[in-house]
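As C-alpha cells, the structure follows; a few thoughts come after it.
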Amino acid sequence: MSDLLAARSQMAVSLAFHIVFAAIGIAMPLLMVVAERRYHRTGDRAYLELAKRWAKGTAIMFAVGAVSGTILSFELGLLWPGFMEFAGPIIGMPFSLEGFAFFVEAIFLGVHLYGWNRVPPRMHLVAGVMVALGGVLSGIFVVIANAWMNTPAGFELVNGRAVNVDPLAAMANPAAFTQTLHMTLAAYAATGLGVAGIHAFLLLRDPLNAFHRRALAVALLVGAPAAALQPISGDLAGKMVARRQPAKLAAMEGQFRTERGAPLRVGGWPDVERRETRFAIEVPRMLSVLAFGDPDAVVTGLEDVPRSDWPPVPPVHLSFQVMVALGTYLALVSLWAGWLALRRRDLAAHRGLLRALALGTPMGFVAIECGWMVTEIGRQPWVVHGVIRTADAVTPMPGLVVPFLLFTLLYLGLAAAVVWLLRRQILESPREPEPGAAPVGVPQGA
Amino acid sequence: MPELSLPLVLAGAILVSLNAYALLGGADFGGGVWDLLASGPRRERQRALVAEAIGPIWEANHVWLILAVVLLFTCFPAAFARLSVALHIPLTLGLIGIVLRGSAFVFRAYDVQRDDVQRRWGRIFASASLVTPILLGVSVGAVATGRVPRAPEGDFVDAFVRPWLQPFPIAVGLLALALFAFLAAVYLTVEADEPALREDFRARALGAGLAAFAAAALALLLAYEGAPLVWGKLIASPWALRFHLATAAAAVAALGALWRRRWRVARVAAAVQVSLVLWGWGLAQYPYLVPPHLTLHEAAAPAATLRLVVLALAAGAVVLFPSLYYLFHVFKGRPV
C-alpha cells in the first residue's frame, strides 16, 4: 500500500466513522428536546422517559463524535500538511466558528445530562435547545469548509500561492448553500427515520406499547419532513455539481461521451476500459433536464476531461445510484406517513407503514455514507478542486500504513462498544410505561 | 515588551486556549490519574468523586484544545504544517489517548453497573489519562527544543523520532503529568464533601506538588542542553527573575495553603502556578513559534484572515463566557 493510498484510506475511515456520529449529534438533541417539551405540555411520563433515554443515547454518540472529530482536526495536518498550509488561512474561519458552536454544544450537553435535578425545568429544556442549535451550526460550518474544497473561492492563485485572501468570500463559496442544506436534511432524515424504524420494529412485536408509540411519533416528526424535502435539496446540489465540477457529474452519471440531450442512467456499471456505462436503464434527455433544466443541454462527458483528472468512476457512480435509491425510498415512505397522518390514521397501528419504516432503519445512514463517497471520491484527484492535487498535499512521513491500521482498529473497537451499549439500551425498553412508571435515574457513575 | 500586532494577539489567544485547556482539561486528565491510583479504604469513593467532578464538564474543557488547534492552522498554517510532520508520532499517540480516555469514561457511565464491566472501562479511562498528558507535554517540549526541522531531513529516525524523543521533551511530559495530577488533586480537595476524602486528596496534592517541583527542576536542568534558546531566555531575560519569583511564590502559596487546609486559596494558587509555567514557555519562545527558524510573523496568515479571526473570537467570547460561567456555576458553585 502506497503512503498516499494509506493516508487517503485513513482519512476515509475517519470520516466514514465520524459522519455517522456527527449526523446523530446534529439530530438526536432535537428529538430529545421535542420529547421533553411534550412532557412539559402534557405531563405524560412516557415522554419524560423518552427524553431521558434519548439523552443517554445522545451522550454516548456525542462523546464518540467529539473524540473522532478531534482525530479529524489533527489529521488535517498529520496527513495533509500541504493542504492545510495552503487552505488554513482561507478556510480556517468556519473551523474557528465551529469551535465556538462545539463549545455551546458541549457546555449545554453537560447541563442537560447532569442537570435534571440541578436546574429549573425550563432551563433544562433551553439547554437542550442550545445543544440542538450548536449541533446544527457545527455541522454547517464544517460542511462549508468541505464545499470550499469543491468550489474554491475567496483567493487568487499567483505562482501556486494564494493572494488576496478573503475568508468571507471563501465561506460564501458557490456550493456552500446546497451542500449544507443537503447534509443538514440528511442528518435529520437519517437519524429521525433510523429511530422511527427501530420503534416501528418494536411496535410490530408489541403493538400497544405507549412508549414506542410516542417515540415513533416524535421521530417521524423530525425525520419525515427532512426526508421528503431531501430530493429537492439533492436536485440543487446536483445542479451545482453540473455547473462547477463536470468531471464529478460525469462520474456520478457514468457519462463518458459529451452529449446534447443526455439520458439519465439508472443503475448500470461504468466500464472505464470501453468508456461506456453498460446495463443501465436510460431515460432519454433526462440528465440534461435534471442537470441544466433543458432537454437539449450539453452534458460534458469524461472524454473531454484529461485522463489524469478523472475521478475513480465506478465507485462514484455506484455510490450515487445507491444514495438516490435509498433517499427515494425514504422520501416515499415519509410522504406515505404524512398522507396517512393527514387522514388522521393511527400510524403506530398501520402494519404496512411500520414494516416499511423498519426496513428503512439503516438506509439513511447508508445513504449518507454513499453521498459522502460521491462528493469526496468524485472530487479526486484534487483535494481542492482544480487547485491542489491530493498527491501533492500528503505528508512526507513514510510508513503511513501503520497509523491507518491503528486507527482502523480503534474505530472497529469503538463501533463494537457503541453497538453493545445501544443494544442494551434498546432491549431494556420499558414494556408498559404508562401507569406510574419509575423515572430512570440520572446517568450513573456520574 | 514586544509591539502589539495581529499575529501577537492571535498567538496570545492560542496561549489563552492552551492555558484554559491545561487548567480545565488538564485537571480532567489528572482526575483519571487519581482514578488509576485510587487506594486505601475510600478507594471507590475517590473514584466516584473523580467521575462526579469531571462528568458534566470534561467535554466542554476538551474544546479548548480544538480551539487552539483550529486557531493554529488558521492563523499560523506554516507552523501547523511543520509541527504536524515532525511530531506525527507523539501527536498520533496522544490522539489515541484522547479518544480512549473520553470514550471509555462515557462508556463506563452508561454501561451496566457490574463491577467487572466498570473496572474494564475504568482501567482504559485511567491509563489513557496517565499517558496522554505525557505525550502532549512531549510535543510541547519538542517545540521548545528548537530541533523541529524546516522539512524532514535524514533518515526516518532523524526526521520523525529525534525531534521529540529527547530527554528535555520527556521531562516536559513528566512535568505536564505532575502538574495535571496536582491541579486535579487540589480541585478535588474543594469538591470533596467529607473530611476523610478531602484529606486523601490533600495528601495526593502535596505529593504531586513535590513531584511537579522535581520535574520542573529536571526540565530546567535539561533545558541548558536540550532547549538552549528557551533556557537562555529563562535565565537571562530582564523579566526572568521576577517571573521565577512569581512562579515560586504561587507554588509555595499553593503548598502552604494545602498544608494549612485553606482549600480555595490552594485552588487559586495552583491555577496561577500552572498558568505561569505555561506563559513562561510562551514568553521564552518569543518571537519564535517553532524555533529556531519560524517566527510568529513569518508563520502568520494574511492580515485579512487574522482580522476576521479576531472579530470571530470577540463574537464567540460573548457567547462562550456566559455559557461557561453558567456551566461552572451549576456544577461547581458553592452548595446552597
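Going down the list, the protein sequences come from chains A and B. One rule links them: number in the numbering used here = place in the first sequence (from 1) + 618. One rule links them: number in the numbering used here = place in the second sequence (from 1) + 825. A virtual CB, placed ideally from N, CA and C, is assigned to each residue, including glycine. Keep in mind the model is a prediction, meaning the values are calculated, not measured.
CB contact flag (Thr1026 of chain A, Val682 of chain A, <7 Å): no
Enclosing beta strand (DSSP E) for Leu882 of chain A [first to last residue]: 882–884
7 Å Cβ shell around Leu696 of chain A - same chain, five flanking residues per side excluded: Thr1013
Residue range of the unbroken beta strand (DSSP E) whose run includes Val1002 of chain A: 1000–1002
Distance between Ile923 of chain B and Ile995 of chain B (C-alpha atoms, nearest Å): 19 Å
Any alpha helix (DSSP H) of 4 or more consecutive residues that is wholly inside the segment 964–1011 of chain A: 969–977, 981–995, 1008–1011
CA nearest to the CA of Phe910 of chain A, picked from A:Ala966, A:Met858, A:His658, A:Ile986: A:Met858
Where Leu847 of chain A sits in the DSSP three-state scheme: helix
Beta carbon of Val1002 of chain A nearer than 7 Å to that of Thr1008 of chain A: no
Straight-line Cα distance separating Gly1032 of chain B from Phe1038 of chain B: 10 Å
Status (buried if at least 16 other CB within 10 Å, exposed otherwise) for Gly1063 of chain A: Residue placement at Gly1063 of chain A is poorly supported in this model, since its pLDDT is 35, which falls under 50; the coordinates still yield a value, given next. Looking at its Cβ environment, which holds 16 or more other Cβ atoms inside 10 Å, Gly1063 of chain A is buried.
Runs of beta strand (DSSP E) lying entirely within the segment 735–819 of chain A, each at least 3 residues, in chain order: 774–776, 779–781
is_contact[Ser691 of chain A, chain B] using C-beta, thresh 7 Å: yes
Environment of Pro1061 of chain A [buried if 16+ CB atoms lie within 10 Å]: Bear in mind that the predicted position of Pro1061 of chain A carries a pLDDT of just 40, short of 50, making it unreliable; the figure below should be weighed with that in mind. Buried, because 16 or more other Cβ atoms sit within 10 Å of the Cβ of Pro1061 of chain A.
First and last residue of the uninterrupted alpha helix (DSSP H) at Asp621 of chain A: 621–660
Distance between Asn791 of chain A and Phe773 of chain A (C-alpha atoms, nearest Å): 11 Å
Nearest-angstrom beta carbon gap, Leu912 of chain B and Leu1121 of chain B [assumed within contact, 8 Å]: Contact flag wrong, Cβ pair sits at about 19 Å.
Where Val737 of chain A meets chain B, residues with beta-carbon distance less than 7 Å: Val1155
Secondary structure of Leu1114 of chain B, DSSP reduced to three states: strand
C-alpha gap between Thr809 of chain A and Leu623 of chain A, whole angstroms: 31 Å
Phe898 of chain B to Trp889 of chain B span [Cα, whole Å]: 14 Å
For Ile689 of chain A, three-class secondary structure by DSSP: helix
Nearest to Leu803 of chain A (by Cα), restricted to the options A:Ala794, A:Ala842, A:Pro770: A:Ala842
DSSP-derived helix/strand/coil call for Val917 of chain A: strand
Distance between Ala1009 of chain B and Leu1002 of chain B (C-alpha atoms, nearest Å): 11 Å
Span separating the alpha-carbon of Leu1054 of chain B from that of Gly837 of chain B: 20 Å
Given 8 Å, three or more beta-carbon pairs between the segment 964–973 of chain B and the segment 932–940 of chain B: no
Spatial distance of Ala1095 of chain B from Ala953 of chain B (CA atoms): 24 Å
Option in A:Trp672, A:Gly1017, A:Ala985, A:Gly886 with minimal Cα separation from Ile816 of chain A: A:Trp672
C-beta contact flag for Ala615 of chain A and Phe932 of chain B at 7 Å: Examination of residue 615 of chain A is not possible in this model, given that chain A is present from 619 through 1064 alone.
CB-CB length for Gly757 of chain A against Ala846 of chain A, believed under 8 Å: Actually they are not in contact, since the Cβ atoms of Gly757 of chain A and Ala846 of chain A sit about 20 Å apart, beyond 8 Å.
Sub-7 Å separation of Leu1152 of chain B and Ile725 of chain A beta-carbons: yes
Trp990 of chain A classed as buried or exposed, judged by whether at least 16 other C-beta atoms fall within 10 angstroms: buried
Buried or exposed (CB count within 10 angstroms, at least 16 for buried), Met650 of chain A: buried
Rounded Cβ spacing between Gly687 of chain A and His636 of chain A (contact assumed at less than 8 Å): 6 Å
Between the CA atoms of Ala868 of chain A and Val916 of chain A - distance to the nearest angstrom: 12 Å
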